[in-house]
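Residue numbers (my numbering): 5 to 397. Even for Gly, the Cβ is constructed at its ideal location relative to N, Cα and C. Working notes for the structure below.
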Amino acid sequence: MSATDCLAGLYPARCETLVPQHSTSTDRAAARRELWQLCGRALPNGPLQTVSVSHRPFTVGRQSDCTMCLGNPTVSKRHAEMAVVEERLLVRDLGSRNGTFLNGRRVGDWSEVRDGDRLQFGTALFTAQRALAPPSMATLSEDVAGMAEACMQFDRLVSLPAVVPHFQPIVRLNGWDRVGYEVLARSHLAGLETPAQMFRVAAELGAEVELSTLMRREGLRAGLELAAGAKLFLNTHPNELGDPRLLDSLAVLRAEFPEIGIVLEVHEAAATSLSVLAALRARCRELRIELAYDDFGAGQSRLLELAEAPPDMIKFDMHMTRGIDRFGRERRQMIQSLVQIVRSLGAVPLAEGIETVHEAGACLEAGFELGQGFFFGFPSPATAWKQARRAMA
């Protein structure tokens with residue numbers, strides 16, 4: 005399927021206005037007004053690079069003739085292709101070994117990429133950005149000023165620090181006893197209220213690892229009282245896998261918080277190296293930290309590979325469980341079989357995205373042990389959960 009065919013399916017009412025294969029003067033004028041960029045690193049510790057998606061076709065891979073040549077061993081020779089059609093960015097995988105992921109979901113045929121989306125080619129991680137091409141130095145100055153302001157806000161975020169940890173409960177489905185909280189991050193700084201906004205600026209500064217480390221530390225500090233009898237689930241950034249600073253930071257956390265039950269979440273799509281996973285699992289066990297694979301099933305899950313380095317828990321992506329009570333018999337049996345495989349690996353299956361009592365019941369019937377979602381509680385500051393405890397006492 006061509007990129008134009010894909011976009012026609014997404015926007016059938018506008019398919020007649022798609023940009024033709026051979027650009028006209030009008031197309032070239034539009035190209036001057038707007039452009040797409042990929043900002044990120046070919047290697048976790050490599051330099052930050054920004055590439056404009058302008059060539060047709062725009063190919064990504066290790067081969068020198070690719071438009072974006074990435075010197076990363078997890079990237080295939082011809083890994084993926086991108087195209088801009090009617091000012092919209094599309095991506096498709098070219099049969100790569102380690103996959104192309106869009107916001108953690110494995111891509112096959114053409115898929116639309118939106119501003120701020122995360123693209124991963126093997127372990128090479130990039131952010132898609134839509135920007136105005138500067139027609140004058142005045143516009144350029146405004147862009148620079150905007151970035152300077154964002155950098156100043158980010159400096160406040162990490163130096164104060166101004167991260168406000170939020171906690172979402174995780175429960176045992178058989179009885180709904182609260183067993184832990186996932187630690188999420190927010191802030192009150194303009195333009196940095198959500199993790200996506202924080203990490204977008206961090207990517208520009210090459211500070212994703214530092215930000216992720218900060219979020220884990222502040223989450224444990226804020227959740228000390230909540231952790232009494234409960235575990236705190238801490239997130240990682242894909243750039244941290246294979247980076248020795250991750251293991252160092254975990255050792256520091258364990259030394260500072262020796263009694264807290266900690267579960268480290270690793271995105272399944274980012275876990276492309278078995279040796280890195282095995283080393284991480286071994287170090288986590290030394291530090292009495294449990295390991296969880298997050299968003300299982302969002303892309304092409306690799307059960308055989310995961311069996312080589314099984315975690316303590318596997319969190320099933322919400323797209324596999326949301327509406328499970330309305331699934332047909334075959335689909336529910338498929339999920340039940342996956343849950344049983346996870347159990348056979350010695351891992352605890354957790355269902356994400358539960359929003360109703362019926363979904364909770366269906367997840368329990370499918371064999372899930374733990375559950376998480378808005379039905380059990382929204383992400384809230386630790387003070388809100390403490391007040392709720394006192395009200396129920």
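Could you name the residues of the same chain whose beta carbon sits closer than 7 Å to that of residue i, not counting the 5 residues immediately before and after it, in chain order?
i, result
"Gly195", "Ala154, Gln157, Gln201"
"Leu177", "Ala364, Cys367, Leu368, Phe372, Glu373, Leu374, Gly375"
"Val213", "His241, Asn243, Glu244, Asp247, Arg249"
"Gln304", "Model confidence at Gln304 stands at a pLDDT of 48, short of 50, so the residue's coordinates are unreliable and nothing is read from them."
"Gly350", "Pro314"
"Gly223", "Pro169, Val187, Leu236, Leu238"
"Leu98", "Arg82, His83, Ala84, Glu85"
"Val167", "Leu161, Ala189, Ser191, Leu218, Met219, Glu222"
"Leu291", "Leu254, Ala255, Arg258"
Got a sec, what are the start and stop residues for the beta strand (DSSP E) residue i sits in?
i, result
"Leu42", "38 to 45"
"His241", "Per DSSP, His241 belongs to no beta strand (DSSP E) and is neither H nor E."
"His271", "265 to 271"
"Ile318", "317 to 320"
"Thr63", "62 to 65"
"Phe300", "293 to 300"
"Val88", "84 to 89"
"Ser115", "115 to 117"
Leaving out the 5 sequence neighbours to the left and right, which residues in its chain are closer than 6 Å to residue i when beta-carbon positions are compared?
i, result
"Ala282", "Ala313"
"Met141", "Below a pLDDT of 50, predicted positions are generally treated as unreliable, and Met141, at 39, falls in that range; the measurement from the model is reported next regardless. There are no such residues."
"Phe380", "Pro173, Val175"
"Arg287", "Leu251"
"Ser253", "Thr217"
"Gly210", "Leu52"
Buried or exposed: residue i, going by 16 or more other Cβ atoms within 10 Å of its Cβ?
i, result
"Gln124", "buried"
"Glu334", "exposed"
"Asp321", "buried"
"Asn102", "buried"
"Pro262", "exposed"
"Gly126", "buried"
"Ser68", "exposed"
"Gly301", "buried"
"Asn76", "buried"
"Glu356", "buried"
"Asn239", "buried"
"Ser29", "Note on Ser29: pLDDT 38, under 50, position unreliable in the model; no value is reported."
"Arg66", "buried"
"Thr131", "buried"
"Val117", "buried"
"Thr198", "exposed"
"Asp299", "buried"
"Arg96", "buried"
"Gly112", "exposed"
Could you give the DSSP three-state label for residue i: helix, strand or coil?
i, result
"Ala311", "coil"
"His192", "coil"
"Pro77", "coil"
"Ala395", "helix"
"His170", "strand"
"Gly365", "helix"
"Leu278", "helix"
"Arg101", "coil"
"Thr54", "strand"
"Leu209", "helix"
"Thr325", "helix"
"Ser348", "helix"
"Ser163", "helix"
"Arg335", "helix"
"Glu373", "coil"
"Thr387", "helix"
"Val183", "strand"
If I'm right that residue i touches residue j with Cβ under 8 Å, what's the distance once you round it to whole angstroms?
i, j, result
"Arg45", "Pro51", "7 Å"
"Gly100", "Leu106", "The sequence as given places Ser at residue 100; Gly does not occur at that position. Actually they do not touch by this definition, with Cβ atoms about 13 Å apart."
"Ile328", "Ile339", "7 Å"
"Arg326", "Ile293", "Their Cβ separation, rounded to whole angstroms, is 29 Å, which puts Arg326 and Ile293 out of contact at 8 Å."
"Thr63", "Thr54", "Incorrect: roughly 18 Å between the Cβ atoms, too far for contact."
Near residue i, which residues of its chain fall below 8 Å by C-beta distance, leaving aside the five closest residues on each side in sequence?
i, result
"Lys390", "Glu229, Leu230"
"Ala296", "Phe237, Val267, Leu268, Glu269, Val270, Pro315, Asp316, Met317, Ile318, Lys319, Leu354"
"Ser279", "none"
"Ala311", "Leu349"
"Gly184", "Pro173, Ile174, Ala234, Lys235, Leu236, Phe237, Gly265, Val267"
"Thr360", "Asp329, Phe379"
For residue i, report the span of its alpha helix (DSSP H) as first-last.
i, result
"Thr217", "212 to 226"
"Phe382", "First-last for Phe382: undefined, no H or E at that position."
"Asp252", "248 to 260"
"Pro353", "No alpha helix (DSSP H) holds Pro353; the beta strand (DSSP E) holding it covers 352 to 355."
Tell me, please, whether the CB atom of residue i is closer than 8 Å to any CB atom in chain C?
i, result
"Gly65", "Within the model displayed, chain C is absent; a lone protein chain is all it includes."
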